[in-house]
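Right, one structure below, let's go through it.
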Amino acid sequence: MWYEILPSAAVIAVCMSIPNFISPYINRLWEGKPYRRCIVDDWHIDMLKRDERISGIDGYQTVGLDNLPDEPPKN
Numbered sequence: 012m013w014y015e016i017l018p019s020a021a022v023i024a025v026c027m028s029i030p031n032f033i034s035p036y037i038n039r040l041w042e043g044k045p046y047r048r049c050i051v052d053d054w055h056i057d058m059l060k061r062d063e064r065i066s067g068i069d070g071y072q073t074v075g076l077d078n079l080p081d082e083p084p085k086n
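The sequence shown begins at 12 in our numbering and counts up by one.
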């Protein structure tokens with residue numbers, strides 16, 4: 012019947028949710044903080060502002076190297 016799929020679906024759901032629950036612990040072990048992206052210190056904030064200034068877009072959009080200028084602007 013239809014309920015025979017429930018154990019298989021539960022196993023798949025558990026296996027797919029394991030990385031979400033285990034990644035903070037692995038990042039804490041590897042990086043020392045629960046999440047990889049963290050802008051709590053001045054250096055990371057300065058680098059984010061630099062990237063926003065150079066690329067011309069906010070820091071939440073992913074762009075490649077094609078968006079960066081080839082040469083620095085001349086004053």
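We put the CB at the ideal spot given by N, CA and C, even for glycine. The structure presented is a predicted model; accordingly, all values stated were derived computationally and were not measured.
By DSSP, does K60 sit in helix, in strand, or in coil?
Looking up residue 60 in the sequence shown gives position 49. Here K60 sits in helix by DSSP.
Kindly indicate the opening and closing residues of the alpha helix (DSSP H) around P18.
The residue given as residue 18 occupies position 7 in the sequence shown. From DSSP, the alpha helix (DSSP H) with P18 extends over L17 to E42.
Does DSSP put I68 in a helix, a strand or coil?
Start at 1 with the first residue of the sequence shown, and residue 68 comes out as number 57. Secondary structure of I68 (DSSP, three-state): coil.
Just how far apart, CA to CA, sit A21 and G43?
Against the sequence shown, residue 21 aligns to sequence position 10. Against the sequence shown, residue 43 aligns to sequence position 32. Those two C-alpha atoms are separated by around 32 Å.
Does the beta-carbon distance from D69 to E63 come in below 8 Å?
To locate residue 69, count along the sequence shown from 1; it is residue 58. To locate residue 63, count along the sequence shown from 1; it is residue 52. Contact flag set, yes.
If you reduce the DSSP assignment to three classes, tell me which class D52 lands in.
By one-based count along the sequence shown, residue 52 stands at place 41. Secondary structure of D52 (DSSP, three-state): coil.
Suppose you measure from the CA of I23 to the CA of R61; what does that come to, to the nearest Å?
Residue mapping note: residue 23 aligns to position 12 of the sequence shown, counting from 1. Residue mapping note: residue 61 aligns to position 50 of the sequence shown, counting from 1. C-alpha separation (whole angstroms): 43 Å.
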